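Peer 1: For what it's worth, UniProt numbering labels the leading residue of the sequence shown as 1, then goes sequentially.
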Amino acid sequence: MGNQSQWDSQPGSPSPGNRNLQFLDLSGNLLVGGIPRGLGNCSKLEALLLSSNLLDDVIPPEIGRLSSLRALDVSRNSLSGPVPAELGGCVELSVLVLSNPYALVGGLNASDGEDVEDFNYFEGGIPDVVAALPKLRVLWAPRATLEGELPGNWTSCQSLEMMNLGENLISGGIPKGLLDCKHLKFLNLSSNKLTGSVDASLPVPCMDVFDVSGNRLSGSIPVFLSKDCPSSQLQFDDLASEYSSFFAYQAMAGFFSSSAVMATDLTSCHSFAQNNFTGTVTSLPIAAEKLGMQGSYAFLADGNNLVGELQPGLFNKCNSSRGFMVDVSNNLITGGIPVEIGSLCSSLVVLGVAGNRLSGLIPTSIGQLNYLISLDLSRNQLGGEIPTSVKNLPHLELLSLGHNLLNGTIPNDFNQLQSLKVLDLSSNRLSGEIPHALADLTNLTALLLDNNKLTGKIPAEFANAASLTTFNVSFNNLSGPVPTNSSAVGCDSIIGNPLLQSCHTYTLAVPSAGQQGRDLNSYDNDTAPVDPQNQGGSSSFNAIEIASITSATAIVSVLLALIVLFIYTRKCAPFMSARSSGRREVIIFQEIGVPITYETVVRATGTFNASNCIGSGGFGATYKAEISPGVLVAIKRLSVGRFQGLEQFHAEIKTLGRLRHPNLVTLVGYHLGESEMFLIYNYLPGGNLERFIQERSKRPVEWKRLHKIALDIAKALAYLHDTCVPRILHRDVKPNNILLDTNHNAYLSDFGLARLLGNSETHATTGVAGTFGYVAPEYAMTCRVSDKADVYSYGVVLMELISDKKALDPSFSPYGNGFNIVAWACMLLRQGRARDFFVDGLWDVGPHDDLVEVLHLAVMCTVESLSIRPTMKLVVQRLKQLQPPIREHR
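Quick look at the structure:
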């Protein structure tokens, strides 16, 4: 590694010494320029390894002259153009690596242990002559923007062992010619556009990896023809073996990266997930001879349209393996869980059947699955009680039974599950108290018990549960105090429990007309009744004394409530007239030093007076509010009725309230009522980026400041996409949603709000969540959103930041409809007029090379191909590399 080196890519002949060159490894040297065409004259060259550089241009067709070449690796560069058909002349080629998300080991590449982006963007598909190479063993080209159909002629593929063309744009069907690839053990065609069905004659049972997930395949998952698996080929090529074993290891680790046990032991995986498969799966497509006590097998078919019941045949080969994993979640499977599952599959490690239509009871034999690590039965219609036999699962890390019809109590002996990390029992009909023993689970990180009928107190021991980071008992019937000194037990995790004592939530409960005359205990408030058992002293009262005290307390309470109601009605009549009576609760996520109540918010905004409005958008208007002298917040008033499901709203907002990043606007709290909804944010005095762009003509242009703004927003989006759990897509990145402080630090706002809209709801004129000019073309046409849609919007914002044009600038009208800032940038780059793109003065103060690089980066973010657009993580990395010098260039 070192400084960038220019590699002469002009045609030429190698020196006499180079004609005898057999092995050339220049991986990881930051070489720039193109691959020299003169390498085609190195007639004895057997290995050409050029990965992890900055090489651009195309793969020279002259490489096809290297008839002795056995390995060609050009991955992790910036190559483009077609894969040359001339490679068919490399008749000895056994390894062809065009792209690679892994950092290789064994001296082939520098290993950083990370999954990295590959910037090779090829055009077209795999040439037929490459498929016909007789000695090809490894063909590796994931994320290479390959398109078109797969070659149809595979008659010469007897040596082919490993082919990975996943995450490309390949269409058509799976060619039947692959039936001739007798030694094919690894086939990854995932995340393409494949259609049609899967041929039952494919040697899938003999493959270690068969992955066609994320396509458009249909028909049934076939019962593959039973064949004897061929013995392994004799390995004469150590380099090919090294590539093959490393790729296989990385791929296996990627299937179940969340569990070290599964990642290490997994030896076979067949994935049909995320397609349109129908029918019933009666048996698994793995040959009996491929199973053994030395490894594990995974069958993944989640996200299809599979029907029928869970067949015992799914598990009939289970006990022949050291570990067995089955995931058929998110299908249309009915019936119950086989009662004999414990004896059918004692080596079951993962069972996922979430999001189906299962009914009946959870069988007690589930407690016989001694090696079970993950059990996800959520989002079904399972009833009855949770079997106590679950306590017998010593390795269980995830138990997800949420969103079912389970009743009864939570077993008291769950404390025996010492490996448990996630326990989700939410949205059931569970009653009784929360077992104190749950706080003894030293590895527990997430406990979800919300939306049940639990009573009693929250065990105080949770205050000492150091590992617990996610805790939710909202919408139960809990009472008593809230455990203190716990970072997990926050105000947002206990809402909907009217008898719980206050937890930093400032409320004013006003009885409505329908509540007048009810027992005070039926009021919806946050103050629990006093528990006599918790009072000091040892006095005991007789029945008459208790009755007298109770009556007096009730009378005093009623009088106090009437007084409060009278004062509130007199003093707050304007508010009451504008808002229906009812609960006025404000949930606080971030303390700001002063109490925030519904009253103070309405008063500080002048009952949402237009004079305090500082902006408006698709979700509603935003108001500046001075809660107390010198304490300012921003109130985003939401449109009531646009958000479906109050419980879902609470859950989503709770997630947003937990997010913390230096470049995200902090969500301080919120209020949700039948007639009023608003969010409370930190107030940022610098306005939004749109105003900054409009007014920057009044101040000198500073490249360092513009770069900082671009990097701040990129960091915020990278955090939302890659770091926070669950990952969040913004879906409306634009200058209006980027706020600044007085030092021009940038903050992203309105993140996560699009998730709160109803299914048919949008918040802009595009017909999808987003704003004209900033919406990615694939999102506008299909309404299918991904993180790459945010990348597109960011690219447009970046263009606006460094130019003097808007996304849909009026000056573009002479070019016709559909011409926007993206088309303008591409046009200027093609014409060699990049300088004309930048705002006046920027070219004079900023480093020219860096400015053009940023423009290229913005264009890369806005290309139509999703696989070419970089991730926001990579955008951050690139912007950091372009960090401005301390002094501006002059």
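Think of the CB as a built atom: it goes at the ideal place given N, C-alpha and C, for glycine as much as any other residue. Bear in mind that the values here come from a model prediction, so they are computed numbers and not experimental data.
1) Would the region 215-225 count as touching the region 194-201 if we require 3 or more Cβ pairs under 8 Å?
2) Tell me, to the nearest whole angstrom, how far the beta carbon of Arg-70 is from that of Ala-85; I am working on the premise that it is less than 8 Å.
3) Let me confirm a value: Phe-772 is counted as buried when at least 16 other C-beta atoms fall within 10 Å, else exposed. Which label applies?
4) So, are the CB atoms of Val-422 and Leu-449 less than 8 Å apart?
5) Would you mind giving the Cβ-Cβ distance between Gly-352 and Val-307, rounded to the nearest angstrom? I have them listed as a contact below 8 Å.
6) Let me check one thing: in DSSP terms, what residues is Ile-170 bridge-paired to?
7) List the whole-angstrom C-beta distance separating Thr-409 from Ala-446, where the pair is believed to meet the contact cut-off of C-beta under 8 Å.
8) Of all the beta strand (DSSP E) runs that stay within the bounds of the region 600-630, which reach a length of 3 or more residues?
9) Is the Cβ-Cβ distance between Ile-366 and Val-350 less than 8 Å?
10) Given a cut-off of 8 Å on the beta-carbon distance, is the pair residue 898 and Ala-789 in contact?
11) Got a sec? Which residues, its chain only, sit under 6 Å from Leu-160 by beta carbon, not counting five neighbours each side?
12) Would DSSP call Val-58 helix, strand or coil?
13) Please go through the same chain and pick out, in chain order, the residues whose beta-carbon is closer than 8 Å to the beta-carbon of Asn-168, but skip the five residues on each side of it.
14) If you draw a straight line from the alpha carbon of Tyr-670 to that of Arg-429, how long is it in whole angstroms?
15) If you pair each beta-carbon of the region 610-621 with each one of the region 645-661, do three or more pairs fall below 8 Å?
16) Hey, could you find the ends of the beta strand (DSSP E) Tyr-297 is sitting in?
17) Is Thr-871 helix, strand or coil by DSSP?
18) Starting from the C-beta of Met-162, find all residues in its chain whose C-beta is less than 6 Å away, skip the five residues before and the five after it, and write them out in chain order.
19) In the DSSP assignment, what are the bridge partners of Ala-634?
20) For my contact list, Gly-303 and Gln-274 are in at a C-beta cut-off of 8 Å; report their separation, rounded to the angstrom.
21) For the region 694-710 against the region 814-821, do three or more pairs of beta-carbon atoms, one drawn from each stretch, fall closer than 8 Å, so that the two count as touching?
22) Within the same chain, show all residues whose beta-carbon is closer than 8 Å to that of Arg-727, passing over the 5 residues directly before and after it, in chain order.
23) Please return the same chain residues whose Cβ sits closer than 6 Å to the Cβ of Gln-379, not counting the five positions on each side in sequence.
24) Please check the pair Ala-465 and Leu-444, which I expect to be a contact at CB under 8 Å, by giving their CB distance rounded to whole angstroms.
25) Specify the secondary structure class of Val-95 as computed by DSSP and reduced to three states.
26) For His-671, does the three-state DSSP call read helix, strand or coil?
27) DSSP state of Tyr-747, grouped into three classes?
28) On the three-state DSSP scale, how would you describe Leu-882?
29) Using DSSP with H/G/I as helix, E/B as strand and the rest coil, what is Cys-318?
30) What are the partner residues of Met-325, as DSSP defines its beta bridges?
31) On a CA-only basis, which of Pro-363, Ser-329, Phe-324 and Ile-386 is nearest Asn-305? Give me that one, please.
32) Between Gly-173 and the rest of its own chain, which residues show a CB-CB distance below 7 Å, the 5 nearest in sequence each way excluded?
33) Please tell me whether Asn-663 and Asp-741 are closer than 8 Å, where the distance is taken between their beta carbons.
34) In angstroms with no decimal places, state the Cα-to-Cα distance between Ser-865 and Ala-625.
35) Pull up the DSSP beta-bridge partners for Met-163, would you.
36) Could you give the distance in angstroms between the alpha-carbon of Leu-87 and the alpha-carbon of Ser-231?
Peer 2: In this structure, then:
1) Three or more Cβ pairs closer than 8 Å define a contact, and the region 215-225 meets that threshold against the region 194-201.
2) Their Cβ separation, rounded to whole angstroms, is 19 Å, which puts Arg-70 and Ala-85 out of contact at 8 Å.
3) Per the 10 Å Cβ criterion, exposed.
4) In this structure, Leu-449 does not lie closer than 8 Å to Val-422 by Cβ.
5) Actually they are not in contact, since the Cβ atoms of Gly-352 and Val-307 sit about 17 Å apart, beyond 8 Å.
6) Beta-bridge partners assigned by DSSP to Ile-170: Gly-148.
7) Actually they do not touch by this definition, with Cβ atoms about 20 Å apart.
8) Segments of the beta strand (DSSP E) lying fully in the region 600-630: 613-617 and 620-628.
9) Taking a C-beta distance under 8 Å as the contact criterion, Ile-366 and Val-350 do not qualify as a contact pair.
10) Given a span of 1 to 890 for the chain in the structure shown, any question on residue 898 remains unanswerable.
11) Excluding positions up to five away in sequence, the list reads Leu-136, Cys-181 and Leu-184.
12) Val-58 falls in the coil class under three-state DSSP.
13) In its chain, beyond the 5 residues on either side, Ala-141, Pro-142, Arg-143, Ala-144, Thr-145, Leu-146, Glu-147, Ser-191, Asn-192 and Ser-867 have a beta carbon closer than 8 Å to the beta carbon of Asn-168.
14) Taking the straight line joining both Cα atoms gives about 28 Å.
15) No, the region 610-621 does not touch the region 645-661.
16) Segment 296-300, the beta strand (DSSP E) holding Tyr-297.
17) Note: Thr-871 maps to coil in three-state DSSP.
18) Its chain contains Val-138, Phe-186 and Ser-244 as the residues whose beta carbon lies nearer than 6 Å to that of Met-162, once the 5 sequence neighbours on both sides are disregarded; these appear in chain order.
19) Bridge pairing for Ala-634: Lys-624 and Tyr-681 [DSSP].
20) Going by Cβ atoms, the distance from Gly-303 to Gln-274 rounds to 4 Å, so yes, they are a contact pair.
21) Segments in contact, no.
22) Cβ neighbours of Arg-727 beyond the five flanking positions: Leu-720, His-721 and Asp-787.
23) One point to set straight first is that residue 379 is Arg, not Gln, in the sequence displayed. Ala-354, Gly-355 and His-403.
24) Right, the Cβ-Cβ distance comes to about 7 Å (below 8 Å), so this counts as a contact.
25) Note: Val-95 maps to strand in three-state DSSP.
26) Correct three-state label for His-671: strand.
27) In the structure shown, Tyr-747 adopts extended strand secondary structure according to DSSP, grouped into three states.
28) Secondary structure of Leu-882 (DSSP, three-state): coil.
29) Three-state result, Cys-318: helix.
30) Bridge partners of Met-325 according to DSSP: Ala-298 and Val-350.
31) Among Pro-363, Ser-329, Phe-324 and Ile-386, the Cα nearest to that of Asn-305 is on Ser-329.
32) Here the set comprises Leu-194, Thr-195 and Gly-196.
33) Not in contact: Asn-663 and Asp-741 (Cβ atoms no closer than 8 Å).
34) Distance between the alpha carbons of Ser-865 and Ala-625 is about 44 Å.
35) Answer by DSSP bridge pairing, in chain order: Leu-139 and Leu-187.
36) Those two C-alpha atoms are separated by around 29 Å.
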